[in-house]
Amino acid sequence: MAKTTRQRIITAFFRLAEKEPLRSNFSFSEIAKEAGIARQTIYRNHYNSSEEIILDIHQEIDHKISSRLAHFEGNGKEAIAFFASEIIPLLYQDKLWLRYLYSTAADPTWRPFLKRHYRHWLSQHLHINGNMADLDQQLALDIVVTTMLAIIESWITQPVPVPPELFGEQFKKIVGHALVDFVSEDEKDS
Numbered sequence: 091m092a093k094t095t096r097q098r099i100i101t102a103f104f105r106l107a108e109k110e111p112l113r114s115n116f117s118f119s120e121i122a123k124e125a126g127i128a129r130q131t132i133y134r135n136h137y138n139s140s141e142e143i144i145l146d147i148h149q150e151i152d153h154k155i156s157s158r159l160a161h162f163e164g165n166g167k168e169a170i171a172f173f174a175s176e177i178i179p180l181l182y183q184d185k186l187w188l189r190y191l192y193s194t195a196a197d198p199t200w201r202p203f204l205k206r207h208y209r210h211w212l213s214q215h216l217h218i219n220g221n222m223a224d225l226d227q228q229l230a231l232d233i234v235v236t237t238m239l240a241i242i243e244s245w246i247t248q249p250v251p252v253p254p255e256l257f258g259e260q261f262k263k264i265v266g267h268a269l270v271d272f273v274s275e276d277e278k279d280s
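Residue 188 in this note's numbering sits at position 98 of the sequence shown, and the numbers go up by one each step.
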């Protein structure tokens, strides 16, 4: 698959998503027009459906991350530190694509995909204690995964996300605090 044409197709897909953030489906005619290529070029040489474009985007982003996650053997706080130092910089490399995935309806499968993927990895490397809030272990794990993904989403969708080295440190601090620690009783603190 020609990388430049593939990149043009994906870029066109995201440009359309940016123009119409509430749409979750774009035709090959629209994508081809936006990319400045013939519609048949997409069908014949690259993708059979818009779902394949989305799958390709998932695989492109996920390949580097999955490779890195597969080599981690620690647990607990080591997993959080690893995520902050190794995975956050990889996410930053794809910040533009991630911003579109998070802030448009172009890929309704994005969040469920992430949740399944990270839930599996975190369940292997974190010892979740739901007892402190009388939570079932699965619910506690779900809360941890969803919270971590929300932190990532909040960072990566900023107009100019802080560099990954800085955010990695911020990430470790954020996950090390309870939500109530971010609430101030004094207006001067905000």
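Ideal Cβ placement from N, Cα and C applies to all residues, glycine included.
Straight-line Cα distance separating A122 from T94: A122 has its alpha-carbon roughly 14 Å from the corresponding atom of T94.
Secondary structure of S157, DSSP reduced to three states: Secondary structure of S157 (DSSP, three-state): helix.
Where H267 sits in the DSSP three-state scheme: Three-state DSSP puts H267 in coil, outside helix and strand.
Expected contact under 8 Å - CB spacing of E124 and T194 to nearest Å: Rounded to the nearest angstrom, the Cβ distance from E124 to T194 is 14 Å, too far for a contact under 8 Å.
Backbone secondary structure at Y137 - three-state DSSP: Reduced to three states, the DSSP call for Y137 is coil.
Coil, strand or helix - H217 by DSSP: Coil, per DSSP.
Cβ-based burial, M238 [other Cβ within 10 Å; buried from 16]: Its Cβ being crowded by 16 or more others within 10 Å, M238 is buried.
Neighbourhood of V270 by C-beta distance below 8 Å, restricted to the same chain and skipping five residues each side: Excluding residues within five positions, none has a Cβ falling inside 8 Å.
Through-space distance from P251 to P179, alpha-carbon basis: Looking at the backbone, the Cα of P179 and that of P251 are separated by about 12 Å.
Cβ-based neighbour list, L159, same chain, cut-off 6 Å, excluding 5 preceding and 5 following: The residues are W211.
Alpha carbon of A102 to alpha carbon of E150, nearest angstrom: Spanning the two alpha carbons is a distance of roughly 16 Å.
Three or more C-beta pairs below 8 Å linking the segment 127-137 and the segment 185-199: Cβ pair count under 8 Å is below three, so no.
Range covered by the alpha helix (DSSP H) that runs through A230: Looking at the DSSP string, the run of the alpha helix (DSSP H) that includes A230 is 227-246.
Outcome for S244 when other beta-carbon atoms lying within 10 angstroms are tallied against a minimum of 16: It is exposed - the Cβ of S244 has fewer than 16 other Cβ atoms within 10 Å.
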